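For reference, the structure discussed in these notes is given below.
In full-length UniProt numbering, the protein residues as written are 1 to 162.
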């Protein structure tokens with residue numbers, strides 16, 4: 001092996017470099033790779049999943065295999081089961097029904113008494129109007145078919161009384 005060295009200019013980056021062999025063209029491996037990319041036309045790297053050096057099944061530019069149907073990679077997921085709705089009880093227990101009914105009836109009697117004793121015409125009219133509303137709400141509460149209807153009527157009565 002000779003100790004000869006050659007001064008050359010890299011065609012890629014334009015730097016001067018000292019080559020050990022006459023055939024050297026590029027100053028570094030990086031410049032050689034960049035020149036190769038420029039020659040081939042720069043394309044973004046796309047991993048193909050094949051080991052390097054193995055030829056492609058379908059060369060670039062041909063359509064090749066077009067997958068149809070569902071992919072085999074992942075199993076199809078079954079949809080989640082629908083949540084089981086727990087229905088509200090039809091009505092609250094009898095003890096609650098009776099105690100609220102008694103409490104509301106006592107408050108209703110007080111309201112009627114207050115409407116009878118009212119001195120001003122305005123007070124008497126507003127008390128009569130409240131009595132009508134309370135009668136209507138008590139009728140709704142007594143005829144309630146669902147727990148929600150009963151609770152709505154009870155809360156409305158509680159708001160009027162207290």
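Note that CB positions come from ideal geometry on N, CA and C, so glycine has one too. In this text the structure is predicted, and so the values were computed from the model without any measurement.
- prompt: For residue 16, does the three-state DSSP call read helix, strand or coil?
  reply: Of the three classes helix, strand and coil, the one that applies to residue 16 here is strand, per DSSP.
query: In the structure shown, what three-state DSSP assignment does residue 26 receive?
result: In the structure shown, residue 26 sits in coil (DSSP, three-state: anything other than H, G, I, E or B).
field: CB-CB length for residue 19 against residue 9, believed under 8 Å
entry: Incorrect: roughly 10 Å between the Cβ atoms, too far for contact.
message: Are the CB atoms of residue 144 and residue 153 within a distance shorter than 8 Å?
response: Contact check for residue 153 against residue 144 passes: the beta carbons are separated by less than 8 Å.
query: Are the beta-carbon atoms belonging to residue 178 and residue 147 less than 8 Å from one another?
result: For the chain, the structure presents residues 1 to 162; residue 178 sits outside this window and is missing.
- request: Could you name the residues of the same chain whose beta carbon sits closer than 6 Å to that of residue 23, not counting the 5 residues immediately before and after it, in chain order?
  value: Nothing listed; no residue qualifies.
field: Euclidean distance between Cα positions of residue 129 and residue 141
entry: Near 18 Å, if we compare the C-alpha coordinates of residue 141 and residue 129.
- prompt: For the alpha helix (DSSP H) that residue 129 lies in, which residues bound it at each end?
  reply: Where residue 129 is concerned, the enclosing alpha helix (DSSP H) starts and stops at 121 to 142.
message: Assuming residue 7 is part of the beta strand (DSSP E), what are its boundary residues?
response: Where residue 7 is concerned, the enclosing beta strand (DSSP E) starts and stops at 6 to 9.
- prompt: Considering only the beta carbon of each residue, do residue 11 and residue 25 sit closer than 8 Å?
  reply: Yes, Cβ-Cβ distance for residue 11 and residue 25 is below 8 Å.
field: 8 Å Cβ shell around residue 124 - same chain, five flanking residues per side excluded
entry: If you ignore the 5 residues before and after residue 124, its C-beta comes within less than 8 Å of the C-beta of 115 and 118, all in its own chain and listed in chain order.
- prompt: Is it buried or exposed for residue 134, if we count other Cβ within 10 angstroms and need 16 for buried?
  reply: By the 10 Å Cβ count, residue 134 comes out buried.
- request: Give the range of the alpha helix (DSSP H) segment to which residue 156 is assigned.
  value: Following the DSSP letters along the chain, one finds residue 156 inside the alpha helix (DSSP H) bounded by residues 147 to 161.
- prompt: Quick one: what's got a C-beta closer than 8 Å to residue 158's C-beta in the same chain, skipping five residues either side?
  reply: Counting only Cβ-Cβ distances below 8 Å, and skipping sequence neighbours, we find nothing.
task: With DSSP as the reference, label residue 94 as helix, strand or coil.
output: If DSSP states are grouped into helix, strand and coil, residue 94 belongs with the helices.
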